[in-house]
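Chemist: Below is one structure. I have some questions about it.
Residue numbers (our numbering): 1037 to 1302.
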């Protein structure tokens, strides 16, 4: 993400005639080389570089010489890091939203396969009212739908381009922030440079949405654990999601739901 943002910034500097085309192309070639090295595990991360930004800049100047230092023209690590965060969160949340949609599809399929199946509904782990299994499964579809909506709401506020804000008060170069935004597929740019670089409320919002997702997954996992026990015996989990015991052959431990439930507390 840092390299993706740097390539866009370099192209914007060229567009503003701050960098000549030849130097811009040289910088981009160097960045692409570093990206391949990182993906292949060849990039050398050094503690003295302080952070990812300085590590990439150090390697860039090693590859292409002093012209690599021009990449940081009109940019601060302050607006650079919040750009990286927004790019990362945008991709991650889009993948999470897609995964949740697939979970919904699986739950709907499960409900359709068990139409008309009646089961006891519980309160306080005591039998309370009869309920359709499909109704119970579709309750989780509704919960996950709200999870997806919260993620989508967070994406709206994340999907804003902060580059050009500088350390806190912008910069004096005639860069076109909207052009940078278009290169990085942001629909809009931040409106206040100080707000753009100094607040991470969007990260807290994402953590909140993810915590609620995990609460719902924990709830579903807890029911699968109970239902697969010999005392309930409502469901039989596939062997691929369970383990046995080296001593007790009757055991079928619901490891995957237990791991999901356990991870919600981390």
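We treat Cβ as the ideally placed atom computed from N, Cα and C, and that holds for glycine.
Leaving out five residues before and five after residue 1133 in sequence, what residues of the same chain have Cβ atoms less than 6 Å from its Cβ?
Modeler: 1184 and 1187.
Chemist: Provide the residue span of the alpha helix (DSSP H) that contains residue 1194, from first to last.
Modeler: Its alpha helix (DSSP H) spans residues 1169 to 1194.
Chemist: Does the beta-carbon distance from residue 1095 to residue 1070 come in below 8 Å?
Modeler: Closer than 8 Å, so yes.
Chemist: Can you find at least 3 beta carbon pairs, one from the stretch 1104 to 1120 and one from the stretch 1078 to 1089, that sit closer than 8 Å?
Modeler: Yes, the stretch 1104 to 1120 is in contact with the stretch 1078 to 1089.
Chemist: Can we say the stretch 1215 to 1232 touches the stretch 1044 to 1060, given the rule of at least three CB pairs closer than 8 Å?
Modeler: Yes, the stretch 1215 to 1232 touches the stretch 1044 to 1060.
Chemist: Do you know whose CA, among 1044, 1083 and 1079, lies nearest residue 1098's CA?
Modeler: The shortest C-alpha separation from residue 1098 is found at 1079.
Chemist: Hey, which unbroken runs of the alpha helix (DSSP H) at 4 residues or more fall wholly within the stretch 1050 to 1132?
Modeler: Here the runs fully enclosed are 1057 to 1076 and 1088 to 1100.
Chemist: Does DSSP classify residue 1210 as helix, strand or coil?
Modeler: Three-state result, residue 1210: coil.
Chemist: My guess is that residue 1293 and residue 1243 are in contact by the Cβ rule of under 8 Å, so how many angstroms apart are they, rounded?
Modeler: Actually they do not touch by this definition, with Cβ atoms about 23 Å apart.
Chemist: When you compare the CB positions of residue 1156 and residue 1149, do they come within less than 8 Å of one another, or not?
Modeler: No, these two residues do not count as a Cβ contact at 8 Å.
Chemist: Using alpha carbons as the reference points, say which of 1042, 1057, 1058 and 1081 lies closest to residue 1068.
Modeler: Nearest option by C-alpha distance: 1042.
Chemist: Does the stretch 1264 to 1282 come into contact with the stretch 1203 to 1211, if we say contact requires no fewer than three beta-carbon pairs (one atom in each stretch) closer than 8 Å?
Modeler: Cβ pair count under 8 Å is below three, so no.
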